[in-house]
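Visitor: The listed protein sequences derive, respectively, from chains P and L.
Its first residue numbered 0, the first sequence is counted upward by one per residue in numbering that gives the first Met the number 0.
Its first residue numbered 0, the second sequence is counted upward by one per residue in numbering that gives the first Met the number 0.
By construction, the Cβ of each residue, glycine as well, lies at the ideal position given by its N, Cα and C atoms.
Have a look at the structure that comes next, please.
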Amino acid sequence: MAGIKQPKNKSHFILPDLGEGVHEAELIKWRVASGETVEEHQTLAEMETDKALVEVPSPWPGVVKDLGGHNEGDIVNVGDILVNYEIGSAGSDAPVSAKTAATAGAEREDAGTVVGKVDTTLTVPASFTRRGGEDNGAPLTSKALATPAVRRIARDAGIDINLVPGTGRGGRVTASDMQNFISTRSGMTTTPAPPVARPIPAPSASTPSPVTVSSDGTSEVIPFRGIRRKIAEALERSIRTAVHFTVFNDADVTALDRKRKEYSSVLGHKISFLPFIMTAICKGLRAHPSLNANVDDAKQEIHIKGVINLGIAVDTDHGLMVPVLPDADQLSLAQMGDGVIEVAESCRNRTIPRERLIGGTFTISNVGSYGGTYSTPIINYPEVAILGIGRAKERVLTKDGMFYAGLVLPLSLSCDHRVVDGAEGARFLNTVVSLLENPEELVQGI
Amino acid sequence: MPVKTVFKTSIEHISILDENGKFDEKLGKGLIPDKDLVKLYEHMVTCRHFDEVAFKLQRSGRMGTYPENRGQEATSLGAAYALRKTDWLVPCYRENAGLYWHGLPMEFVLLHWMGDERGNQIPDDVKMTPLAIPIGTQMLHATGLAWAAKYRGEDTIACTFFGDGASSEGDFHEAANFAANLDIPVIFFCQNNGWAISVPTKTQCSAPTLAQRGIAFGMDCIQIDGNDIFAVVKVVREAAERARKHKRPTFIEALTYRLGDHTTADDSRRYRDEAEVEVWIQRDPMIRLRKYMTDRKLWDDQKQKVAEENAKREVSATVKRAEEIADPEIKGFFDAMYAELPEELKRQRDTMRTSSIGQDPNQIESPLHAH
């Protein structure tokens, strides 16, 4: 009840939610002492929540063993043990006896109630079946609380999790409870073993060590040269020169995903989000031309570009390469899609002509294809902005107070603050997002 | 004369058994037979004990939020007593005494507050709607139920309970307007306990009475001492007669007081004066009734003791029934509302998804970046 499950053997009383959504309460005054016999509903303590000063009653009769280590003035969390009871103390070991509906009804009449019930027969819908079998000596079981991960452990081990005693918060069965239960059951010990730290496997003599490690722990030395050196230089120059800032935003691409699938079926092959995003970027750059620029630091000039040459960051065996799709805004969706595949392929097999690696005006880094969400991309200097595209994931979204499932595309835009102000960067990103969220507008005129 | 009075009215207040146990013979004689009076009082003893136990069930984590009924027993009980079993009770959530008298098994209220939907699945032969938590919705249901009864030619009426706060809701005005203008046999029973949670009545109504709200709709209105079960029985009987014979609604304002907090999530000490509570403790409907019965030799301490023991036994059996019920099945959520489940709800039942999750995204504009 109320999210808290009290122990069936009544060994302790867990502090419940004393109001609505109360998480803790201050212990104002104990009204019982250790060793005291209490009645059901007798006040144990006065506690103050953020809403009210309340008296907390005992849920059953019994003998208070100790006061859970709480002193007056302490904050007690909901889910913590408030008091411990002597197990088997007066009445506390009497399990809740289950009656059939018929017996319960009979008992009700036996109670000799004389107060004004005109109709004394209990009307119980068929769905009101009583919990049975609890008074036949069988162990009391009820549904265990546990996380899905712990339930998985139980399933894998073929164990009914409801039989496992829980020691976690609110009586939850924890992973170590499962371990204890498994080791107890397998006869290793007769009492629950304390949680055992997972041993680090000792190196086995039969497993040959595949690497030789030098005294400082290095296993391989790679000369900083070739593409790696080029990448390092370019990035170092960018980060030293451009003043980076990154702005994040999300696009709800649920509708775009449907559009994408429509296009795929028309084209006869799968088309990714990328061409749509590129289209949105092209339109966005037309609306916010300051992001489609190069910086000439030597001349202290900003060159706003009239053409849109989109750089696409491509991961290759040799490292990062950024081929360029020239005049990307002149391409159809299909041409963009094919173009990306073509340049990526020619990067990977290193057949890409050098002129296709320069002249970019804006770059896209599709970290999402490797599973990333947000990033802080480094600008492909002398460009002034780069957009990191994360992986679209299904998320619970809200609208007008309602939940719905939607596909969310995370976007991260880095800009050179020397050229692009924060507001302008955010406006550009909003334009892109708005286009992605309105696919009809996005694909208009292409 | 260019200025003339076109309408003038007054509101009567009825009290028969006052807080000192003084009984108005002229108004009250023969109203409730002694035998019934004893039963009604014993019922109040049980309900009062039920209330105390229910409160503690919440505090010890055995039940969710609970609104104490303490102090308001006479209103709903008197009304239920004055009505027929075939009449509809359309409650709010502080009418346990009347609902049990009307035939609702007591554990249903516990199940309701334990969050068990089966507590709302009122047995077919008990004419009442489930407890209404959203303030004021039930008044419209009452008008609808009574209208249906009239349409079918039955002489069934409906009596709906609501608080002083609910009488400020639009729902009240809609329900009252329909009832008065279409001659619908419904009783609007306002339990004015002085507080709409922490808002005092005078803050949300600047008129001297709530009863006069009914005047605007052209219905009969009366104010009573709600802690006086005789007054309740008298006016509800008259209202029921008016409804049954003349199909006319009545607005009853019963002055009462909740001696407890609004709910277990409330602390009334933060907004109510202790002295005010003290005054109302003296006006407890049970104190005056016990005094009256004792004076009339209908009651004594021994009978009180027996009644309290019976109450304990009955309430403890009730708690047991509520706590021992088998866990509900999720699919059961869908059982009670519709005779035939609509397609969308069938889908929800079968997929265990709410209506909004998985909804066609074209039907929803993106919540992100909305301007």
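1) When burial is assigned at 16 or more other CB atoms within 10 Å of the CB, is G152(L) buried or exposed?
2) R257(L) and N192(L) - do their beta-carbons sit closer together than 8 Å?
3) Between A253(L) and the rest of its own chain, which residues show a CB-CB distance below 6 Å, the 5 nearest in sequence each way excluded?
4) Give me the Cβ distance between I251(L) and A238(L), rounded to the nearest whole Å; I'm assuming they're in contact under 8 Å.
5) Under a CB-based cut-off of 8 Å, is S57(P) close to chain L?
6) Under 8 Å, with one C-beta from each stretch per pair, do the segment 335-353 of chain P and the segment 367-382 of chain P reach the 3-pair mark?
7) Buried or exposed for G68(P), going by 16 or more other Cβ atoms inside 10 Å?
8) Just verifying my parser: in three-state terms, what is the DSSP assignment at N119(L)?
9) Counting pairs of beta carbons, one from the segment 15-35 of chain L and one from the segment 18-26 of chain P, are three or more of them closer than 8 Å?
10) How would you list, in chain order, the residues of chain L whose beta-carbon sits under 7 Å from the beta-carbon of P15(P)?
11) According to the neighbour-count rule (16 or more other Cβ atoms, all chains shown, within 10 Å of its Cβ), is D86(L) buried or exposed?
12) Are three or more beta carbon pairs between the segment 134-146 of chain L and the segment 92-106 of chain L nearer than 8 Å?
13) Kindly indicate which three-state DSSP category A32(P) falls into: helix, strand or coil?
14) When you compare only the Cα positions, how much space is there between N119(L) and V185(L)?
15) Among residues of its own chain, excluding the 5 on either side of V95(P), which ones have a beta-carbon nearer than 6 Å to its beta-carbon?
16) Tell me the DSSP secondary structure of M401(P) in three-state form.
17) For I303(P), which of helix, strand or coil comes out of DSSP?
18) Do the segment 198-214 of chain L and the segment 157-169 of chain L make contact, defined as three or more Cβ pairs closer than 8 Å?
19) Please report the straight-line C-alpha distance between T8(L) and T208(L), rounded to a whole angstrom.
20) What ranges does the alpha helix (DSSP H) occupy inside the segment 145-222 of chain L, keeping only unbroken runs of at least 4 residues that lie completely in it?
21) Suppose contacts are defined by Cβ-Cβ distances below 8 Å. Is V44(L) in contact with A316(L) by that definition?
22) Roughly how many angstroms separate the alpha carbons of L56(L) and D155(P), rounded to a whole number?
23) Rounded to whole angstroms, what is the Cα-Cα separation between I301(P) and G387(P)?
24) Determine the closest residue to F12(P) out of E47(P), T183(P) and L66(P), with distance taken between C-alpha atoms.
25) Taking 8 Å as the CB-CB cut-off, is T64(L) touching chain P?
26) Between which two residues does the alpha helix (DSSP H) holding I385(P) run?
27) Cβ closer than 9 Å: which chain L residues qualify as neighbours of E54(P)?
28) Per DSSP, Y84(P) forms a beta bridge with which residues?
29) Using a C-beta cutoff of 8 Å, does E19(P) count as contacting chain L?
30) P133(L): buried (16+ other C-beta within 10 angstroms of its C-beta) or exposed?
31) So, using beta-carbon positions, are I13(L) and K233(L) closer together than 8 Å?
32) In whole angstroms, what separates the C-alpha of M113(L) from that of I121(L)?
33) Excluding the 5 residues flanking P199(L) on each side, which residues of the same chain have their C-beta closer than 7 Å to its C-beta?
34) Let me know if G267(P) comes out buried or exposed under the rule of 16 or more other beta-carbons within 10 Å of its beta-carbon.
35) Please state whether the Cβ-Cβ distance between I280(P) and F361(P) is less than 8 Å.
36) Could you tell me how far apart the beta carbons of L234(P) and I377(P) are, in whole angstroms, since I believe they sit closer than 8 Å?
Guide: On the basis of the supplied data:
1) Within the second sequence, the letter at position 153 stands for residue 152(L). Looking at its Cβ environment, which holds fewer than 16 other Cβ atoms inside 10 Å, G152(L) is exposed.
2) To locate residue 192(L), count along the second sequence from 1; it is residue 193. To locate residue 257(L), count along the second sequence from 1; it is residue 258. In terms of Cβ geometry, N192(L) and R257(L) form a close pair [threshold 8 Å].
3) To locate residue 253(L), count along the second sequence from 1; it is residue 254. Excluding its 5 nearest sequence neighbours in each direction, A253(L) has C-beta neighbours in its own chain below 6 Å: T74, Q190, I223 and G225, listed in chain order.
4) The residue given as residue 251(L) occupies position 252 in the second sequence. The residue given as residue 238(L) occupies position 239 in the second sequence. About 6 Å separates the CB atoms of I251(L) and A238(L); that is less than 8 Å, so the two are in contact.
5) Taking the first residue of the first sequence as 1, we reach residue 57(P) at position 58. Taking Cβ atoms only, chain L reaches closer than 8 Å to S57(P), which makes this a yes.
6) No, because fewer than three Cβ pairs between the segment 335-353 of chain P and the segment 367-382 of chain P fall closer than 8 Å, the two stretches do not touch.
7) On the first sequence, position 69 is the one that residue 68(P) refers to. Here G68(P) is exposed. Its C-beta has fewer than 16 other C-beta atoms within 10 Å.
8) Residue mapping note: residue 119(L) aligns to position 120 of the second sequence, counting from 1. Under the three-state reduction of DSSP output, N119(L) falls in the helix class.
9) Because the criterion of three Cβ pairs below 8 Å is not met, the segment 15-35 of chain L and the segment 18-26 of chain P do not touch.
10) Position 16 of the first sequence holds residue 15(P). Those are S59 and G60, listed as they occur along chain L.
11) By one-based count along the second sequence, residue 86(L) stands at place 87. Result: buried.
12) No, the segment 134-146 of chain L is not in contact with the segment 92-106 of chain L.
13) Here the question's residue 32(P) lines up with position 33 in the first sequence. Per DSSP, reduced to three states, the secondary structure at A32(P) is coil, with no helix or strand assignment.
14) Numbered from its first residue, the second sequence carries residue 119(L) at position 120. Numbered from its first residue, the second sequence carries residue 185(L) at position 186. Cα to Cα, N119(L) sits roughly 22 Å from V185(L).
15) Along the first sequence, read from residue 1 onward, the residue named residue 95(P) stands at position 96. Interpretation of V95(P) is limited by its pLDDT of 38, a score under 50 that renders its predicted location unreliable; no figure is taken from the coordinates.
16) Sequence index remark: in the first sequence, residue 401(P) carries index 402 (1-based). It is a strand residue.
17) Along the first sequence, one-based indexing puts residue 303(P) at 304. Here DSSP, grouped into helix, strand and coil, assigns I303(P) to strand.
18) In short, these stretches touch, since the Cβ pair count reaches three.
19) Mapped onto the second sequence, residue 8(L) falls at position 9. Mapped onto the second sequence, residue 208(L) falls at position 209. Cα-Cα distance, rounded: 13 Å.
20) Runs of the alpha helix (DSSP H) lying entirely within the segment 145-222 of chain L, each at least 4 residues long, are 169-180 and 200-203 in chain order.
21) For the purposes of this step, residue 44(L) is taken as the residue at position 45 of the second sequence. For the purposes of this step, residue 316(L) is taken as the residue at position 317 of the second sequence. With contacts defined by Cβ atoms closer than 8 Å, V44(L) and A316(L) do not form a contacting pair.
22) What you label residue 56(L) is simply residue 57 of the second sequence in a count that begins at 1. What you label residue 155(P) is simply residue 156 of the first sequence in a count that begins at 1. Distance between the alpha carbons of L56(L) and D155(P): 38 Å.
23) The sequence position of residue 301(P) within the first sequence is 302, counting from 1. The sequence position of residue 387(P) within the first sequence is 388, counting from 1. Going by the C-alpha atoms only, they are around 23 Å apart.
24) The residue you call residue 12(P) lines up with position 13 of the first sequence. Per the Cα distances, L66(P).
25) Your numbering for residue 64(L) matches position 65 in the second sequence. Chain P, which has a Cβ nearer than 8 Å to the Cβ of T64(L), makes this yes.
26) Translated into positions along the first sequence, residue 385(P) becomes position 386. Per DSSP, I385(P) belongs to no alpha helix (DSSP H); it is in the beta strand (DSSP E), A384 to I388.
27) As a first step, residue 54(P) must be located in the first sequence, where it is residue number 55. In chain order: K55 and R58.
28) For the purposes of this step, residue 84(P) is taken as the residue at position 85 of the first sequence. As a beta-bridge residue in DSSP terms, Y84(P) pairs with V63(P).
29) Working through the first sequence from its first residue, we reach residue 19(P) at position 20. Judged by the 8 Å Cβ criterion, E19(P) is in contact with chain L.
30) Taking the first residue of the second sequence as position 1, residue 133(L) is located at position 134. Under this definition P133(L) is an exposed residue.
31) As a first step, residue 13(L) is located in the second sequence; it is residue number 14 there, counting from the start. As a first step, residue 233(L) is located in the second sequence; it is residue number 234 there, counting from the start. Yes.
32) The residue given as residue 113(L) occupies position 114 in the second sequence. The residue given as residue 121(L) occupies position 122 in the second sequence. The alpha-carbon atoms of M113(L) and I121(L) are separated by roughly 16 Å.
33) Taking the second sequence and counting its residues from 1, the one referred to as residue 199(L) is at position 200. Apart from the 5 residues on each side of it in sequence, P199(L) sits with its Cβ closer than 7 Å to the Cβ of G193 in its chain, given in chain order.
34) Taking the first residue of the first sequence as 1, we reach residue 267(P) at position 268. For G267(P), the number of other beta carbons within 10 angstroms of its own is below 16, and it is reported as exposed.
35) For the purposes of this step, residue 280(P) is identified with residue 281 of the first sequence, where counting begins at 1. For the purposes of this step, residue 361(P) is identified with residue 362 of the first sequence, where counting begins at 1. In contact: I280(P) and F361(P) (Cβ atoms closer than 8 Å).
36) Sequence index remark: in the first sequence, residue 234(P) carries index 235 (1-based). Sequence index remark: in the first sequence, residue 377(P) carries index 378 (1-based). Confirmed, about 5 Å.
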